[in-house]
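Counting in the numbering used here, the sequence shown runs from 239 upward without gaps.
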Amino acid sequence: MDSYDILFHMNRIGSLGNILTSPVNFDYWGGVGNMTSLFYPWLTVLPGFLIFHFANDPMLDYLILIGVVTFCTFVSSYFFMKKFSENTLQSFLFSIIYTLAFFRMASVFYRAGVAEFICYIFIPMLFYEFYQLLVGKFSKWPLFALAFTLITLTHPLTAFTTVIIMVPILLLVLFSKRAHSIKYWLHLSLSGVEAIAMVLLTTIGFTLPMYQQQKYIPVNRPAVVNLAQTAKDPIKLFQDALSTDLRNYSFGIIMILALIFLVIFIWKDKLVYKMVGIEMLLALLLSTNIIPWAKLQDTFFNYLQFPWRFLNLFTFFAAIYLSYGLARLVNKRSSLLKLLMMVVVLVGCGSQVYVSGMQLSKQITTAVDPNKLVYHPKNKFVQKYTQTDYYPQRSIEYHAQIRAHQFLVNGKKVHIREHSSSNVYSFSYYSQEPAKIDIPVLVYKGLSVTINNEPAHYDISKRGTALLKTKPGQNKVQLRYHYSTVAKAALSLNAVALLVLVWLCINNGKFLYQKKDINKVAKNAEKS
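Structural data, given as structure tokens:
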């Protein structure tokens, strides 16, 4: 691949082996105590840890992960489209078009954007439950909150883009007769407040420890990218859509058909599909440099890095509209023609995946020979990978020394052999005089040090590493990381909130158990 993202995510997933007891795994990230797992949510990628130890081969494990996530995306997209449209053909078409979308393939095969393509599982659920709220089923707010929580705990930037794209929907719903009522807006607002409050509680195990850590020591945030430069040029975006080069980050030729259908059908569509069409165009617009991104460069928006991330949501809405248009064409036709339509779409989308994948395999330059990406004592390419995102800021200047495990004793370079396991970084040092040892382990909140099994005080060196004063004689030093009291409380509260949210989803938004009226259920069944 043309980036190191795959190594980044392999380390993210592989380092989760001790995540419940420590935010640091010394077996990964070059063994320097990188606390990346505290700055990236990990709940929904936790199943990947089991997958990544299935074949004991990182590349094969990654392919298995892709297969599992793709299957889940197929199932999720079909399930929620069936609930939304009540049309089996449209649901099948949507699941195919959405899951095998060109832009999603760029995340899977080129960028290795694991978190982003996992989000594709939850996006249909999020917008379906949002739709449920908008049509007046206000008790569905826990399901909406659950979907948004899952996206936030997978990829916060995707959650950010969905919030932006949902705001216009609240304005568009004003064209619905249902929205011409103060009572409607009061109920919708109350459901929104309840959902927001629950999302805050079910993500506090990620947000609060991260905030505490950033207050403890300044860290190096991911690269700040010029938004105006990474936004897509509209003309080039459409030109790139005609190609099969995944490196262009375009939406592919099949989605052009969705735009054609939009021009043909939107004038006579139902309001809900008009809204889908408008959202599709809005997401496309937000991915381009038509938006004055330069004026937003010095705002929170710079965390977005690439405005073309909105093409994820364009893909979602375009897949809805395209599946709707295709199903509409054969709506009153024979079952055989409907089956033929599904086969044609499957072959078309599958061919696009195959052709673009084969083309990419001839274009990419690998960071390392894939055959060497194996778990082997003498060849730990994955575990030795390092990156400086969320390093202590003072460590950036010295990252090469730290990565090389360079010890400094009284300011001079000294070779000391260290040993590490997932939880413990240890070494021994003998000296007849007290010495100050600058240990190549990054310092964050939660680090504890012992000398000869007794707690020892440490300072933070100019390298952002642990600076320790040893005693005369033999010193057996061990460094461990643990969650702070605040982090433990936040994680516990988060776990309880998730259980409560699941209960609310089951109990139709009510905290207290609601007994079903059997007679009422029977009467409803008779009416149906």
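Here a beta-carbon is modelled for each residue, glycine too, at the ideal position from N, C-alpha and C.
Which residues does DSSP list as the beta-bridge partners of residue i?
| i | result |
| --- | --- |
| R718 | V662 and S686 |
| T703 | L680 |
| H657 | S664 |
| D697 | L705 |
| V457 | P630 |
| E692 | I689 |
| I675 | V647 and L706 |
| V652 | F645 |
Using three-state DSSP, classify residue i as helix, strand or coil.
| i | result |
| --- | --- |
| P447 | helix |
| S669 | strand |
| K748 | coil |
| F287 | helix |
| Q625 | coil |
| Y266 | coil |
| G711 | strand |
| F341 | helix |
| A383 | helix |
| L646 | strand |
| K415 | helix |
| K508 | coil |
| V568 | coil |
| K470 | strand |
| T259 | coil |
| T482 | coil |
| T392 | coil |
| T526 | strand |
| W280 | coil |
| P615 | Low confidence applies here, because P615 scores a pLDDT of 44, under 50, leaving its location unreliable and the question unanswered by this model. |
Could you tell me the distance, in whole angstroms, from the CA atom of residue i to the CA atom of residue j?
| i | j | result |
| --- | --- | --- |
| V583 | T337 | 12 Å |
| G563 | N263 | 50 Å |
| F386 | G255 | 26 Å |
| A704 | S669 | 19 Å |
| H418 | H425 | 13 Å |
| R416 | Q370 | 13 Å |
| G711 | S660 | 28 Å |
| F420 | Q450 | Position check: residue 420 holds Ile in this sequence, whereas Phe was assumed. Cα to Cα, the separation comes out at about 41 Å. |
| V759 | Q752 | Low confidence applies to V759: its pLDDT is 49, below 50, so where it sits in the model is not reliable, and the reading given next is rough at best. The straight-line gap from Cα to Cα measures roughly 14 Å. |
| F413 | M513 | 10 Å |
| F552 | N325 | 22 Å |
| S488 | I473 | 11 Å |
| A642 | M579 | 58 Å |
| M363 | I389 | 10 Å |
| F365 | A521 | 14 Å |
| G515 | V346 | 26 Å |
| N540 | S666 | 45 Å |
| Q621 | F330 | 41 Å |
| F290 | I334 | 26 Å |
| T445 | Y454 | 14 Å |
| N691 | Y719 | 15 Å |
Where does residue i land, buried or exposed, given buried means 16+ other C-beta within 10 angstroms?
| i | result |
| --- | --- |
| Q328 | buried |
| S589 | exposed |
| V307 | buried |
| N617 | Only weak support is given to the placement of N617: the predicted model assigns it a pLDDT of 42, under 50, and the question is left unresolved by the model. |
| A735 | buried |
| R342 | buried |
| H637 | buried |
| P456 | exposed |
| S633 | buried |
| A353 | buried |
| Y628 | buried |
| V687 | buried |
| H695 | exposed |
| K649 | Correcting the residue identity first, residue 649 is Gly in this sequence and not Lys. Exposed, because fewer than 16 other Cβ atoms sit within 10 Å of the Cβ of G649. |
| H247 | buried |
Indicate whether residue i and residue j have their beta-carbon atoms separated by less than 7 Å.
| i | j | result |
| --- | --- | --- |
| F269 | S658 | Correcting the residue identity first, residue 269 is Gly in this sequence and not Phe. In this structure, S658 lies closer than 7 Å to G269 by Cβ. |
| S315 | F287 | no |
| N249 | Y623 | yes |
| G747 | S260 | no |
| I492 | A479 | no |
| Q631 | P678 | no |
| R547 | T311 | no |
| L739 | M404 | no |
| S525 | L560 | no |
| L221 | S594 | The chain is shown from 239 up to 766; residue 221 falls before or after that span and cannot be answered. |
| A728 | I304 | no |
| A433 | A383 | yes |
| N464 | T626 | no |
For residue i and chain C, any beta-carbon pair shorter than 7 Å?
| i | result |
| --- | --- |
| Y719 | Included in the structure is just one protein chain, with no chain C present. |
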